[in-house]
Amino acid sequence: MNGTKLRLGLLFSRLRPEEKLLIRTARQHPEIELTLLNSRELILSPATKPELDLLLDREISQSRALCTLRLLQHSGVVCVNRYEVVRICGDKLFTSKALRDAGVPTPEVKIAFNPESARAAIEELGYPVVLKPVDGSWGRLMAKIENRTAAEAILEHKSHLSSYYHSIFYLQKYLEKPGRDIRAFVIGAEVVGATYRMADHWITNAAQGGRAARCPLTPQLEALCLQAARAVGGGALAIDLMETPEGYTVHEINCAMEFKESFKVLGAILPTRLIDYCIEQARSPATTPTATEVV
Amino acid sequence: MIACPECGSKLTIADDVVQNEIVECESCGVELEVTNLTPLQVELAPEEQEDWGE
Chain A
1 MNGTKLRLGL
11 LFSRLRPEEK
21 LLIRTARQHP
31 EIELTLLNSR
41 ELILSPATKP
51 ELDLLLDREI
61 SQSRALCTLR
71 LLQHSGVVCV
81 NRYEVVRICG
91 DKLFTSKALR
101 DAGVPTPEVK
111 IAFNPESARA
121 AIEELGYPVV
131 LKPVDGSWGR
141 LMAKIENRTA
151 AEAILEHKSH
161 LSSYYHSIFY
171 LQKYLEKPGR
181 DIRAFVIGAE
191 VVGATYRMAD
201 HWITNAAQGG
211 RAARCPLTPQ
221 LEALCLQAAR
231 AVGGGALAID
241 LMETPEGYTV
251 HEINCAMEFK
261 ESFKVLGAIL
271 PTRLIDYCIE
281 QARSPATTPT
291 ATEVV
Chain B
1001 MIACPECGSK
1011 LTIADDVVQN
1021 EIVECESCGV
1031 ELEVTNLTPL
1041 QVELAPEEQE
1051 DWGE
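Going line by line, the protein sequences match chains A and B. Residues 1 to 295, numbered by the numbering used here, are exactly what the first sequence covers, in order. Residues 1001 to 1054, numbered by the numbering used here, are exactly what the second sequence covers, in order.
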């Protein structure tokens, strides 16, 4: 460390409103010396000894984030979030497994590796189902499949896409929800706030035009969000939940939380708490190994 | 004042813009990346990749 200042690297490849808020917050913090790390300009090696105490991952490319986190975390840099957590949250199947194992309510999921077995899996789940890329985000390339005809067409199309990952068919039982879902922000052991994401479409992602409104925190919601965060190894996480007739269900956890829309509702607490959490981790990094360590 | 490289409209860039910031052309909606501050320069932002997300 340089005196009492923590050398914080912010990893990015696109500076969006969230990163700009984080940069402003970090630069105003007396304990931080900020370095911006543009992944497009980085050259790393296994021998890299970065002059950093802390890395805040704001990289939108999952592949670049994992490479960088793996090297830097194993070189002694405290990473937010940790490599193991990003590995799980970046993969919907890994997330489903972690949530299921931890007893967190989560939609029923099946996975298959070719169109024929995928169609059989869909019929086991029962129509409608949602087909998602295992490593996708922002509601991209998701399909709600309502019947067998649609299933056959979509599965055939997917199997011809260039990336093999499109032939890993992640199938989720479609759950009715009230035109909105919930995004809750967990930072460490605290649920900092939550917003409803509302849309007329069944996809409510902000990237797809979903609007945010404040969601009141209840003890039940907070407890579930903290349980979900622990299930993937903990950190600074955006927990996505749906409200179903049977109660809350967690369908996704995001490790590089976007909060442009939620910031309009929740305000500066999000970037402020995130930067504070980074400092806390550097001063006293979490030492608790979790089931995620072996990923 | 600089022009959008996509549609040629004049761009309105905030005074507190930072290097590499993504800005949007109000006219055509294209995403642009600020590649230099003095003088101000922008380029088309990189296209979305399959592994992008949060």
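By construction, the Cβ of each residue, glycine as well, lies at the ideal position given by its N, Cα and C atoms.
- Boundaries of the beta strand (DSSP E) around CYS79(A): 78-80.
- Pairing THR204(A) with SER1027(B), the inter-Cα distance amounts to about 26 angstroms.
- If you check the CB distance, ASP240(A) and ASP1051(B) do not come in under 8 angstroms.
- Taking the beta carbon of GLU258(A) as reference, the chain B residues within 7 angstroms of it are GLU1054, listed in sequence order.
- Between ALA282(A) and VAL104(A), the CB-CB gap reaches or exceeds 8 angstroms.
- Nearest C-alpha to GLN28(A) among PHE259(A), GLU280(A) and PRO271(A): PRO271(A).
- Minimum Cα-Cα distance from GLU280(A) among the listed residues ALA189(A), ALA223(A) and ALA268(A) corresponds to ALA189(A).
- Non-local C-beta neighbours of TYR83(A) in its own chain, meaning closer than 6 angstroms and more than five positions away in sequence, comprise LEU69, ARG70 and GLN73, ordered along the chain.
- In this structure, VAL1018(B) and ILE23(A) form a Cβ contact; the two beta carbons are roughly 7 angstroms apart against a cut-off of 8 angstroms.
- Burial is judged here by how many other beta carbons sit within 10 angstroms of a residue's own beta carbon; HIS251(A) has at least 16 and is buried.
- Contact check between the region 111-124 of chain A and the region 1032-1039 of chain B: fewer than three CB pairs, one atom from each, fall below 8 angstroms, which does not count as touching.
- If you check each beta-carbon in the region 1004-1032 of chain B against every beta-carbon of chain A, the ones closer than 7 angstroms belong to VAL1018, ASN1020, GLU1021 and ILE1022.
- Judged by beta-carbon spacing, PRO128(A) lies beyond the 8 angstroms limit of LYS110(A), meaning their Cβ atoms are not closer than that value.
- Excluding five sequence positions before and after PRO46(A), the CB atoms of its chain that fall closer than 8 angstroms to its own CB belong to LEU71, given in chain order.
- Taking CB atoms only, GLU1050(B) has a neighbour in chain A less than 8 angstroms away.
- A Cβ-Cβ separation of about 20 angstroms leaves GLN62(A) out of contact with VAL130(A) under the 8 angstroms criterion.
- Only residues of its own chain outside the window of five on either side were considered, and among them TYR248 have a CB closer than 6 angstroms to the CB of LEU224(A), listed in chain order.
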